[in-house]
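Number of protein chains: 2
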Amino acid sequence: MERVLTAKGAATRQRIVEGAAQLIRVEGVQNVGLDDIRGASSTSKSQLFHYFPDGKADLMFAVAQYEAGQVIADQMPQLGDLTTWRKWQAWRRRVIQIYDAQRQACALSALTSQLGTANPATRDIVNALTDEWHAYLAAGVRALKESGEIDARVDVAKSAAAILAAVTGGATLLQSTDRLSYLEDALTEALDGLRRPRR
Amino acid sequence: MERVLTAKGAATRQRIVEGAAQLIRVEGVQNVGLDDIRGASSTSKSQLFHYFPDGKADLMFAVAQYEAGQVIADQMPQLGDLTTWRKWQAWRRRVIQIYDAQRQACALSALTSQLGTANPATRDIVNALTDEWHAYLAAGVRALKESGEIDARVDVAKSAAAILAAVTGGATLLQSTDRLSYLEDALTEALDGLRRPRR
DNA sequence: GCTACTCTGGACCTAGCGGTCCAATCTAGG
DNA sequence: CCTAGATTGGACCGCTAGGTCCAGAGTAGC
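Each protein sequence line maps, in turn, to chains A and B.
The opening position of the first sequence corresponds to residue 249 in our numbering, with each subsequent residue numbered one higher.
The opening position of the second sequence corresponds to residue 249 in our numbering, with each subsequent residue numbered one higher.
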């Protein structure tokens with residue numbers, strides 16, 4: 249695809265992606281059709297296929313990429329600076345605040361389950377996101393370890409994975425039960441677990 | 249709904265639900281049409297609407313109920329007898345084994361995200377499942393506490409919630425990244441965390 | 001200002017799929 | 001057996017929504 253986009257074209261494309269993302273957050277993926285997106289982004293059918301030649305799948309892929317980027321961006325700057333225990337707590341509050349605000353509107357999970365986990369392109373997006381997120385958390389755990397705030401025997405990678413799973417699970421449960429407490433408890437336990445002395 | 253079902257009718261209805269559940273596990277909800285279900289269950293269109301008058305939504309609801317029951321049933325008998333540390337470990341192995349086997353085929357998550365988290369009927373199913381699962385875990389944590397295997401200061405409800413979130417998160421990550429390690433690490437950390445001394 | 005290419009509008013097409021209908025066929029109970 | 005109601009088969013319908021097409025407007029570079 250050697251597409252040449254003018255500034256105007258790029259802006260339109262971006263408007264489509266953001267409009268679609270917004271709609272999907274509110275309505276859910278399968279309740280959003282191309283005509284809805286067309287309406288929301290003030291474009292025409294031909295523009296949708298002009299910028300996304302492979303149609304809806306192509307567009308949904310772009311939206312998934314956009315949303316994956318948002319996941320990390322939303323947690324900044326806290327996620328990028330987990331160097332002290334206090335900063336970990338700040339991040340925890342930030343995460344809870346984010347998911348509390350969006351509630352059911354977790355676009356990414358909807359998208360990935362919609363685009364099909366079998367789709368390799370979709371999986372690449374999620375894998376990249378997961379890896380990046382894990383790397384930030386691992387860096388934070390390592391920092392605590394090196395500063396002596398937590399036990400030296402802590403397995404950095406595994407702890408980071410467990411914390412990531414806690415957030416994911418808490419968010420999933422929030423989405424399906426509309427209760428925030430799972431996310432709060434899961435994060436509290438996961439972080440407290442870091443500090444408890446090993447035996 | 250004063251439906252009168254003969255034994256034969258009930259069997260057909262059950263065949264439809266199980267056939268649909270099976271198909272959905274493999275293909276994903278939105279890739280399964282009524283004609284697919286008809287084929288898989290060796291029925292006709294009229295039978296689908298005979299047993300599920302409100303159409304596809306009605307059928308999907310029945311499938312979700314069926315799958316929710318499977319989640320708990322699959323973890324038995326281990327989940328029902330978490331009275332010692334060794335039994336917790338056995339449950340952990342069981343959970344990992346289950347999700348390792350089904351991989352992407354977590355039908356429930358697909359269904360709930362598909363039926364819409366907004367749908368109150370769907371939410372009731374998931375809430376009931378979550379509550380039941382949490383109750384089993386809480387009973388297990390309480391048993392450990394009473395037998396003195398873990399610290400008396402452990403908050404039973406919160407610990408159970410954290411463990412549940414660990415499983416959920418691990419399963420979600422397994423589904424989207426196809427890596428089992430998140431579930432393993434999350435469960436390991438959540439359970440180890442229980443045993444670590446409080447400060 | 002010419003030209004080539006991008007950008008835009010919207011009518012139109014079509015397949016798939018949920019849903020309807022009715023006639024035929026079993027089956028339980030008297 | 002007889003009959004009312006449950007069960008079954010499958011043709012048919014109509015809408016939704018993704019996708020196509022082409023003509024016209026805008027724009028960058030020469």
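Heads up, the beta-carbon is just placed ideally off N, CA and C, and yes, glycines get one too.
Since we're looking at a predicted model, the values are computed, not measured.
*Going by the CB atoms, is the gap between residue 340 of chain A and residue 442 of chain A shorter than 8 Å?*
no
*Assign residue 337 of chain A to buried or exposed, taking buried as 16 or more other Cβ atoms, counted over all protein chains shown, within 10 Å of its Cβ.*
exposed
_When you compare the CB of residue 368 of chain A with every CB in chain B, is at least one pair closer than 8 Å?_
no
*Inter-residue spacing [alpha-carbon to alpha-carbon] between residue 413 of chain B and residue 255 of chain A*: 45 Å
*asked:* Tell me whether the region 361-374 of chain A and the region 417-429 of chain B touch, counting them as touching only if at least three CB pairs, one residue from each stretch, are closer than 8 Å.
replied: yes
*Does residue 437 of chain A have its Cβ less than 8 Å from a Cβ in chain B?*
yes
*the region 406-425 of chain A: which residues have C-beta closer than 9 Å to a C-beta of chain B, in chain order?*
406, 407, 408, 409, 410, 411, 412, 413, 414, 415, 416, 417, 418, 419, 420, 421, 423, 424, 425
_residue 367 of chain A versus residue 350 of chain B - alpha carbon distance_ = 17 Å
*Taking contact to mean at least 3 C-beta pairs separated by less than 8 Å, is the region 375-391 of chain B in contact with the region 314-327 of chain B?*
yes
*residue 438 of chain B to residue 404 of chain B, Cα distance in whole Å?*
13 Å
*Beta-carbon gap between residue 461 of chain A and residue 369 of chain A smaller than 8 Å*: Look at the range of chain A in this structure, 249 to 447, and you will see that residue 461 of chain A is not part of it.
*Distance between beta carbons of residue 417 of chain A and residue 415 of chain B, contact taken as under 8 Å*: 7 Å
*DSSP state of residue 250 of chain B, grouped into three classes?*
At residue 250 of chain B, the pLDDT of 46 sits below 50, so the modelled position is not reliable; the number obtained from the coordinates is stated separately. Correct three-state label for residue 250 of chain B: coil.
_Counting beta carbon pairs with one atom in the region 382-389 of chain A and one in the region 379-388 of chain B, are three or more of them shorter than 8 Å?_
no
*Check residue 257 of chain A in the structure and name its three-state DSSP category.*
helix
*Where do the N-terminal and C-terminal ends of the alpha helix (DSSP H) with residue 408 of chain A fall, by residue?*
404-425
*Kindly indicate which three-state DSSP category residue 271 of chain A falls into: helix, strand or coil?*
helix
*Starting from the C-beta of residue 249 of chain A, find all residues in its chain whose C-beta is less than 6 Å away, skip the five residues before and the five after it, and write them out in chain order.*
Any reading at residue 249 of chain A is ruled out, since the residue's pLDDT is 42, under 50, leaving its predicted position unreliable.
*Please specify which runs of the beta strand (DSSP E), each continuous and at least 3 residues long, are wholly inside the region 303-382 of chain B, giving them in chain order.*
none
*To the nearest whole angstrom, what separates the beta carbons of residue 392 of chain A and residue 277 of chain A, a pair I think is in contact under 8 Å?*
Going by Cβ atoms, the distance from residue 392 of chain A to residue 277 of chain A rounds to 38 Å, so no, they are not a contact pair.
*Write down the C-beta distance between residue 355 of chain B and residue 272 of chain B rounded to the nearest angstrom, noting that I regard them as a contact closer than 8 Å.*
5 Å
*Give me the Cα-Cα distance between residue 363 of chain B and residue 387 of chain B, rounded to the nearest whole angstrom.*
31 Å
*Within 10 angstroms of the Cβ of residue 302 of chain B, are there 16 or more other Cβ atoms? Answer buried if so, exposed if not.*
exposed
*Hey, is residue 395 of chain B's beta-carbon within less than 8 Å of any beta-carbon in chain A?*
no
_Going by DSSP in three states, residue 440 of chain B sits in which element: helix, strand or coil?_
helix
*Nearest chain A C-beta to residue 430 of chain B closer than 8 Å, yes or no?*
yes
*Counting along the chain, where does the alpha helix (DSSP H) carrying residue 464 of chain B start and finish?*
The question about residue 464 of chain B has no answer, for chain B in this structure spans 249 to 447.
*Could you list which residues in chain B have their beta carbon closer than 9 Å to that of residue 361 of chain A, in chain order?*
276, 277, 357, 358, 361, 362, 423, 424
*asked:* For residue 264 of chain A and residue 280 of chain A, what's the separation of their Cα atoms in angstroms?
replied: 13 Å
*Helix or strand or just coil, what does DSSP make of residue 265 of chain B?*
helix
*asked:* What does the Cβ neighbour count give for residue 345 of chain A, buried or exposed, with the cut at 16 atoms within 10 Å?
replied: exposed
*Cut-off 7 Å between Cβ atoms - residues of its own chain near residue 304 of chain A, not counting five sequence neighbours on either side*: 282
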